[in-house]
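Visitor: There's a structure below that I have some questions on.
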Amino acid sequence: MADAVISVATEEAVRPLVDSIATQLGYIWNYKTNFDNLKKQVQKLQDRRVALEHSITEARRQGDDIEQHVVNWLESVEKINEEATKIIDDNNRANMLCFKNVCPDLKKRYQHSKKASVKAMEVSELEKEGNFDKVSYCTPPKETWHPSSKPFEDFESRRSTVENILNELRNPNVNMVGVYGMGGIGKTTLAKEVGKQAEEQRLFDEVVFVEVSEKPDTRKIQGAIADKLGLEFREETESGRARKLCERLKKESKILLILDNIWKGIDLEIVGIPFRNEHRDCKLLLTARVIEILSNDMDCRNNFPVGNLDEKEAWDLFKTAAGACIEQHGLQLLASEVAKRCGGLPIAIVTIAKALKDKQEHEWKNALRELKRPSSENLVGSVTAEAYSCIRLSYNQLNSDELKSTFLLCSIMGFTSNASVEELLRYGTGLSLFRTVYTMEEARNKVGTLVKKLRDSSLLLDTSDSKWFSIHDVVRDVGRAIAFKDHNKFTVIDDVIPREWKDKNMLKQCTSISLHDISELPNMELYCPLLHFLYMKGKNENSKIPDNFFVGIPNLRVLHLINLELSPHPPSLGCLVNLQTLCLNCSWLSDIGFITNIKDLEILVLSCNTIEQLPTEIGQLTQLRVLDLSKCYRLEIVPPSIISKLTQLEELYLDYGFGNWHVEGLDNESGNASLDELKHLSQLTTLQIRIRDHKMVPNGLFSQQLQRYKICIGSIDRWDCISKYGTSKTLKLKSDDSIVLEDGVVTQLKGIEELCIDGRQSVKNALYELCSDGFPQLKHFDIRNNPDLVCIVDSSKKWELSCDAFPLLETLSLKKLINLEKICHGQLTPNSLCRLKTVNVDRCENLKNVFSLSIAKHLSQLQDISVSNCNNMEDIFTIGRRNDINSNEEIDRVVSDQLHSLSLSTLPKLRSFCSEAEVLASTSNEIILEDIPMPLFDGKVQLPKLKTLKLHQISYLSSKKIFWRVSLISRSFPT
């Protein structure tokens with residue numbers, strides 16, 4: 001029995017040793033198998049990565065942010081791929097024979113095979129970790145409560161109303177609060193101030209502002225709320241969307257919905273808004289023009305009136321809008337009388353004051369006379385005669401017919417809160433509104449000037465994006481009334497054509513007709529011999545146009561059709577021989593042969609998903625100045641000899657999906673035109689284009705006369721072609737072939753504002769080799785994946801810097817530049833980098849600091865710094881060698897007055913924010929610390945405006961101390 005026990009014990013003791021020996025010998029026997037398995041696992045990982053990147057591309061196209069663990073996984077994939085590739089390459093280069101290449105070298109086989117086996121297991125594990133349920137999350141945009149140029153006017157009457165509303169919203173027994181007052185009184189501004197203060201005081205977890213408008217659309221209201229909450233609907237029906245929205249709103253513990261400008265009762269259940277007992281903490285703030293809508297239609301019992309400003313408040317507002325001219329020219333008494341005639345109505349006060357600003361005394365007297373005789377007309381939309389009189393006077397004060405016509409055109413375009421300046425340009429050009437302009441570029445500058453003048457006159461509202469204009473609904477209604485009364489311009493926003501259309505005498509006088517959301521057109525010939533402008537938008541894509549509809553409008557100059565059935569198109573379209581501007585937005589368009597009759601057409605915009613080949617008939621439009629195909633997403637073929645015939649073309653917009661141009665000298669299997677055809681367009685000043693292969697680019701393709709361009713060259717994803725900055729001069733290059741830069745693509749283009757360079761293109765000194773004049777217009781610079789780049793700006797003795805470097809640059813993004821040693825080297829001129837606001841640095845392995853202190857002196861506008869995955873980064877700012885600093889130079893402070901966001905991640909060697917500094921002064925709103933040693937800011941650093949500080953995985957050993965993981969979120973940290 002004892003012998004048996006000893007035998008078993010011996011066997012158990014020996015087994016691990018035997019297993020270990022077998023494992024070690026297995027590395028030798030399975031040498032080839034292990035490497036085959038490694039390659040197989042690497043390929044599986046690559047397949048998983050590619051699939052994931054497709055999901056990421058789609059998520060980014062939707063504007064979503066990518067989950068950090070997904071980003072970390074991709075970085076791990078990149079790192080492990082490099083390691084696996086090195087193991088495979090080392091094995092391929094190694095000599096696996098010994099004894100004069102007669103016998104296999106077992107030791108080397110063992111070593112290489114073991115590395116392959118271990119790495120294959122790591123790759124396999126990482127591949128399994130890449131099976132993510134979701135890769136992104138939606139970050140809804142923050143509400144902009146008041147434009148910076150028009151802050152809330154803090155009048156006592158308004159301030160007390162805001163405070164009273166907030167007190168009601170704090171009351172747990174109150175679910176709905178109403179605000180009412182006449183058009184232009186300031187209800188929207190007041191409601192936004194309530195929302196702003198409710199957000200700042202943290203009365204609610206979410207505050208959502210939605211403009212309802214005169215013709216409420218349930219789907220649009222649902223969509224607006226969903227957008228603010230980051231909710232994406234998959235339901236098609238309104239009821240299905242309502243259920244989804246209701247479920248989402250119930251998940252918010254405390255939420256305020258501001259429904260602005262309601263004209264009639266809204267069924268909250270149909271929209272999907274839980275209310276009262278269904279969700280006690282979902283509260284509503286409503287604004288309307290009359291109290292009956294609130295009290296009767298919405299059963300709102302807590303309603304606050306917004307009245308006219310009292311005399312003092314009105315006069316203060318008037319003086320602010322009119323400026324110093326009142327005092328300078330002794331107009332106080334006259335101006336006071338004018339202000340009183342505005343009746344305390346803010347929109348009237350502002351428009352009148354700005355209209356009379358810097359005008360002569362006789363003009364003020366004439367204005368007062370007109371205001372004393374207001375129109376007695378009752379206007380649709382509850383615009384009072386007083387308001388009409390004030391806005392009409394402001395319109396009369398516009399100093400040119402050109403400006404007045406532009407305002408009226410804006411009025412009939414303003415169907416929603418924002419309208420397109422580009423469409424305004426194209427409509428106005430077709431109508432010949434803009435005098436003394438001869439090119440589209442001149443017209444574009446003219447429109448920009450006119451829109452600014454109308455904003456300065458308060459007839460248009462300020463917008464955050466210059467591509468759009470906005471108009472107050474009261475001003476819009478007055479504008480439409482003026483257009484109808486004085487110029488026979490007719491606007492309909494409804495689902496049916498009114499009966500008045502049967503009055504042919506009225507139609508005979510019409511010069512402009514706008515039909516919005518029309519479900520049915522009358523089966524009649526539209527007889528309008530004076531009609532120049534026609535806009536028609538169907539309620540759905542099945543709205544049909546009668547065959548003879550266009551026969552009676554032979555002088556039409558501008559036609560825009562949206563959501564109307566155009567396949568087949570009505571034959572009478574061919575009668576519009578005088579068209580100058582034609583815009584067709586439709587889901588299906590099979591034939592545009594009718595355009596051959598429109599010989600003088602100058603602007604053609606096609607937005608159609610079914611166009612796969614550019615119609616050859618377009619080649620006959622030899623007077624065409626603008627061809628916009630940017631929304632023809634399925635365009636695959638542009639036949640030869642069409643573009644080259646359009647010799648008058650000034651603007652060409654092609655969809656980013658199209659890029660398969662024919663290369664001269666090769667078989668034209670694609671049937672596409674070559675880029676050489678663009679050289680025939682001697683008038684071209686605007687170009688939007690994508691070229692998939694840089695080898696397609698002929699020498700001297702891009703003319704120096706290009707004023708506006710968006711050009712993408714190389715294997716760039718369609719959605720990555722879109723500029724997120726909205727610049728007018730954008731170039732994006734992606735290629736590992738230095739020929740792209742050697743051919744002078746960058747130098748051919750004048751005044752680049754946004755430049756993205758991706759790939760190995762043999763550039764070591766970015767500024768010197770790409771642009772010798774310092775990129776004087778560049779605002780956004782993104783350079784990545786170039787292992788050759790050593791420096792961005794080198795002003796040392798090797799390269800002499802004779803100009804300002806990046807004087808207008810606002811954002812600088814550097815990614816995966818593994819040999820980048822310095823961003824800036826040497827001294828810079830005073831205006832270099834002086835407008836830089838954002839710096840992003842990622843995976844720049846050789847970079848030890850971001851900027852030296854001597855460079856930091858230039859960065860007075862710097863607001864955001866993000867540095868991540870830089871394994872050798874030691875300091876963000878560094879003083880450098882003492883002899884680099886002038887003896888009189890103040891070195892005791894890092895100038896970071898504007899810095900409000902700092903993010904540092906995975907910087908294992910980071911020692912401090914700034915070497916040799918002593919104090920951190922800040923009023924931060926958010927700090928997130930992970931794996932952070934506290935001496936990070938052991939230096940003289942002043943960050944008075946810092947709002948967000950994010951630190952992640954920054955650790956090092958100091959005096960043999962180990963810093964433990966710290967998680968801290970704080971609203972502020974002490975000085």
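Counting with UniProt numbering, you get residues 1 to 975 for the letters of the sequence shown. Glycine included, each C-beta is placed from N, C-alpha and C at the ideal position. Keep in mind that this is a model prediction, so the values were computed, not measured.
1) Helix, strand or coil: which one does DSSP assign to arginine 243?
2) State the beta-bridge partners of histidine 662 as determined by DSSP.
3) Flag this pair as yes or no: are the beta carbons of arginine 234 and glycine 272 separated by less than 9 Å?
4) Going by DSSP, what residue range makes up the beta strand (DSSP E) through phenylalanine 425?
5) Which full runs of the alpha helix (DSSP H) of 4+ residues lie inside the region 462 to 537, going along the chain?
6) Tell me which residue opens and which closes the beta strand (DSSP E) that valine 350 is part of.
7) Can you check which of these residues, Asn578, Thr581, Pro546, is closest to leucine 566 by C-alpha distance?
8) Which partner residues of glutamate 206 appear in the DSSP bridge assignment?
9) Taking all protein chains shown into account, decide if cysteine 791 is buried (16 or more other Cβ within 10 angstroms of its Cβ) or exposed.
10) Going by DSSP, name the residue or residues bridged to serine 912.
11) Leaving out five residues on either side along the sequence, give the residues of the same chain with a beta carbon under 6 Å from the beta carbon of aspartate 804.
12) Could you give the DSSP three-state label for glycine 714: helix, strand or coil?
13) Would you please state the rounded distance, in angstroms, between the beta carbons of isoleucine 258 and alanine 191? I believe it to be under 8 Å.
14) Under a Cβ-count criterion, where at least 16 other Cβ atoms within 10 Å of its own Cβ denotes burial, should arginine 158 be classed as buried or exposed?
15) Starting from valine 577, trace the beta strand (DSSP E) both ways and give me its first and last residue.
16) How big is the Cα-Cα spacing for tryptophan 263 and isoleucine 291?
17) Do the CB positions of alanine 419 and threonine 429 come within less than 9 Å of each other?
18) Should lysine 446 be labelled buried (16 or more other beta-carbon atoms within 10 Å of its own) or exposed?
19) From the DSSP output, which residues share a beta bridge with glutamate 211?
20) Looking at the unbroken alpha helix (DSSP H) that takes in glutamine 707, where does it start and where does it end?
21) Go ahead and label lysine 372 buried or exposed: buried means 16 or more other beta carbons lie within 10 angstroms of its beta carbon, across all protein chains shown.
22) Can you round the beta-carbon distance between histidine 780 and threonine 811 to whole angstroms, since I take them to be within the 8 Å contact cut?
23) Identify, in the order they occur along the chain, each residue of the same chain with its Cβ nearer than 6 Å to the Cβ of valine 793, setting aside the five sequence neighbours on each side.
24) Could you give the distance in angstroms between the alpha-carbon of glycine 181 and the alpha-carbon of glycine 195?
25) What are the boundary residues of the beta strand (DSSP E) that includes isoleucine 792?
26) Quick test of your reading: threonine 555 and asparagine 578, contact by CB under 8 Å. State the CB separation rounded to the nearest angstrom.
27) Is isoleucine 711 near glutamine 683, with beta carbons less than 9 Å apart?
28) Find the nearest neighbour of serine 470 within the set Leu820, Asp456, Ala483, Ala481, judged by alpha-carbon distance.
29) Could you tell me which whole alpha helix (DSSP H) segments of length 4 or greater appear in the region 734 to 792?
30) Do arginine 690 and arginine 708 have their C-beta atoms within less than 9 Å of each other?
31) By a C-beta neighbour count over all protein chains shown, 10 Å radius and 16 as the cutoff for buried, is glutamine 827 buried or exposed?
32) For a quick check, are the C-beta atoms of leucine 454 and phenylalanine 407 less than 9 Å apart?
33) Whether or not the region 863 to 874 and the region 899 to 910 are in contact is what I'm after, with contact meaning three or more pairs of Cβ atoms, one per stretch, closer than 8 Å; do they touch?
34) Between Gln332, Cys510, Ile482, Ala321, which lies nearest to serine 389 when the distance is taken from Cα to Cα?
35) Check each candidate in Ala224, Lys44, Asp462 and name the one with the smallest Cα separation from phenylalanine 127.
36) Alpha carbon to alpha carbon, how far is serine 295 from asparagine 303?
Guide: With the given structure in hand:
1) helix
2) Ser674
3) no
4) Sequence inspection shows leucine at residue 425; the phenylalanine mentioned does not correspond to that position. Not the beta strand (DSSP E): leucine 425 falls in the alpha helix (DSSP H), residues 421 to 430.
5) 473 to 487, 504 to 509
6) Premise fails: valine 350 lies in the alpha helix (DSSP H), 346 to 356, not in any beta strand (DSSP E).
7) Pro546
8) Ile255
9) buried
10) Asp875
11) Gly774, Thr829, Asn831, Ser832
12) strand
13) 5 Å
14) buried
15) First-last for valine 577: undefined, no H or E at that position.
16) 11 Å
17) no
18) buried
19) Asp260
20) Looking at the DSSP string, glutamine 707 is not in any alpha helix (DSSP H), and its letter there is neither H nor E.
21) exposed
22) 5 Å
23) Leu767, Ala805, Cys824
24) 18 Å
25) 791 to 794
26) Here residue 555 is asparagine; the residue named in the question, threonine, does not match the sequence. With a Cβ gap of about 6 Å, asparagine 555 and asparagine 578 count as contacting.
27) no
28) Asp456
29) 739 to 742, 745 to 748, 766 to 770
30) no
31) exposed
32) yes
33) yes
34) Ile482
35) The residue you asked about is not phenylalanine; residue 127 is glutamate in the sequence shown. When each option's Cα is compared against that of glutamate 127, the closest is Lys44.
36) 8 Å
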